[in-house]
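As C-alpha cells, the structure follows; a few thoughts come after it.
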Amino acid sequence: MSNLDIRYYVVPMIVIFILGIAGMNGMTFPVLDFLTIVLVACISGGVVGALHQLFWFVMRFTTEYKKKRAPKKDLKTQYHEI
Numbered sequence: 001m002s003n004l005d006i007r008y009y010v011v012p013m014i015v016i017f018i019l020g021i022a023g024m025n026g027m028t029f030p031v032l033d034f035l036t037i038v039l040v041a042c043i044s045g046g047v048v049g050a051l052h053q054l055f056w057f058v059m060r061f062t063t064e065y066k067k068k069r070a071p072k073k074d075l076k077t078q079y080h081e082i
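Residue numbers for the sequence shown follow my numbering, so the first one is 1 and each next one is one higher.
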C-alpha cells in the first residue's frame, strides 16, 4: 500500500468525524457520544479503504489476466529462397 492509498482510509474518517461532531446535540452523555462518533468514523474509513484496495486488486488482476490470454504473434522471420 502506497502513501497515496492511505488517503482512502483517512479522508472518510476525517469527514465522518467532523460531521459527527457538528451534528452532536445530545448532552446527556457527551463522552459516550464522542466515542460513538470516533468508532463510526474509524469503521467507515476502514470500509472505504478496504473497498478501494479490493477494487484496484480486481482491476490489476483482470488486466494481467487479459494480457496473458491475448494471442501472441509469432515473431519468427521467414526466409524465402530465390
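Cβ atoms here follow ideal geometry from the backbone N, Cα and C, with glycine treated the same way.
Which two residues bound the contiguous alpha helix (DSSP H) that contains residue i?
i, result
"Pro30", "Pro30 to Arg69"
"Gly26", "Taken as a continuous stretch (DSSP letters only), Gly26 belongs to no alpha helix (DSSP H), as it is neither H nor E."
By alpha-carbon positions, which one of the options ends up nearest to residue i?
i, options, result
"Val10", "Leu32, Met24 and Val38", "Val38"
"Ile6", "Phe61, Leu51 and Ala70", "Leu51"
"Ile43", "Met59, Gly23 and Tyr8", "Tyr8"
"Val40", "Ala70, Val15 and Lys67", "Val15"
"Leu4", "Gly49, Lys66 and Met59", "Gly49"
Using three-state DSSP, classify residue i as helix, strand or coil.
i, result
"Ile14", "helix"
"Leu4", "coil"
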